[in-house]
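Written out below as structure tokens is the structure these notes cover.
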Amino acid sequence: MKAIAYGALFAAVAFAQQAQNPSPMTDSTRAHKRIERTETPGTRHDLSLGTLLVASRAPRKQAPLVIHFHGPAWLVEASVRRRWRRAASLSVHLGTGSAVYAAPFREAGRFGVLLDEVERATGRPWAPVVLTAYSAGYGAVREILRDATNRDKVQAVILADGIHAGYDENRLAKGADLEPFLAFAREAAGGNKQFILTHSEVYPGTYASTTDCADFLVDSVRVRRRAVLRWGPLGMQQVSEVRRAGWRVMGFAGNSAPDHTDHLHALADWLKLIR
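Numbering-wise, the sequence shown is residues 13 to 287 according to our numbering.
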């Protein structure tokens with residue numbers, strides 16, 4: 013039994029530490045517009061994880077709390093402010109790789125502790141709670157959603173080109189790595205939550221791409237992907253879409269680094285899809 017347990021642990025660590033195969037692709041056909049750096053006004057609080065920003069004037073009624081994983085705080089703060097002027101935003105940037113984001117939330121109750129810190133710092137509760145992540149930040153969201161108690165506290169999730177898994181024996185996305193997202197996707201498809209997933213066409217090679225993982229979720233929820241061709245935010249080109257109640261998947265063209273970064277700079281646009 014110990015050998016099996018150690019083997020499973022080694023496999024999980026190996027997957028978490030695998031580097032993406034470097035892509036030789038470049039792109040000059042799309043605009044790749046970028047959000048200019050600005051300082052969003054408000055009061056900041058350093059928490060045990062990340063920096064919390066609240067508006068200088070407290071909202072008169074209940075307002076959203078957006079917790080974002082992976083990306084510069086200024087961009088997250090500006091994006092949230094474009095969507096909700098009185099929302100609070102907690103920006104968590106821990107470094108490279110999904111493992112560093114997953115690790116803190118493997119501790120039972122860690123997410124609840126973080127929410128308590130926000131409430132103590134601001135002197136008020138916040139709702140809805142919206143989790144957003146770009147790229148490797150999905151590791152935190154996956155561990156948070158793994159706990160049903162946490163899922164009850166989260167009303168919406170946005171993954172911006174950030175959902176990966178290991179490969180199974182058939183070179184398909186490993187379902188066991190995606191179960192927490194699947195549980196939330198089913199709730200969203202049933203109209204009880206909101207789940208926005210965007211993905212590019214970047215293929216890391218050493219592990220399942222965001223397209224592979226999106227396909228697994230779409231097939232498991234039994235929704236059909238629809239081909240579209242339309243302009244997205246910042247010059248992005250949308251090529252596919254899935255919609256059912258609060259569950260939405262949007263596929264975009266591009267397999268270069270700028271195509272990947274587009275999904276982070278479009279965070280304000282993804283937030284506008286949350287109702």
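No residue lacks a Cβ here, since even glycine has one placed at the ideal position from N, Cα and C.
For D274, the enclosing alpha helix (DSSP H) stretches over residues A269 to H277.
For T222, the uninterrupted alpha helix (DSSP H) segment begins and ends at T222 to V233. At a Cβ-Cβ threshold of 8 Å, Q74 and A139 count as neighbours. Beta-bridge partners assigned by DSSP to H176: none are found. Taken atom to atom, the span from the alpha-carbon of V166 to that of I175 is near 18 Å. For R42 and S268, the gap between their C-alpha atoms comes out near 11 Å. Three or more beta-carbon pairs separated by less than 8 Å link the region 196-216 to the region 259-278, which places the two stretches in contact. In the displayed model, L77 falls within a strand according to three-state DSSP. Looking from the CA of Q250, the closest CA among I286, L209 and A220 belongs to L209.
Linking T161 to Y113 through their CA atoms gives a straight-line distance of about 19 Å. For G187, the enclosing alpha helix (DSSP H) has its first and last residue at G187 to A201. If only uninterrupted beta strand (DSSP E) runs of at least 3 residues are considered, those enclosed by the region 46-93 are 55-58, 63-66 and 77-81. For the region 117-180, the full-length beta strand (DSSP E) segments reaching 3 residues or more read 141-146 and 168-172 along the chain.
Judged by their CB atoms, L59 and I79 are not nearer to each other than the 8 Å cut-off.
Measuring C-alpha to C-alpha distances from A265 to each of L279, L276 and G244 identifies G244 as the nearest. When C-alpha distances from Y179 are compared across D224, E131 and R49, the shortest belongs to D224.
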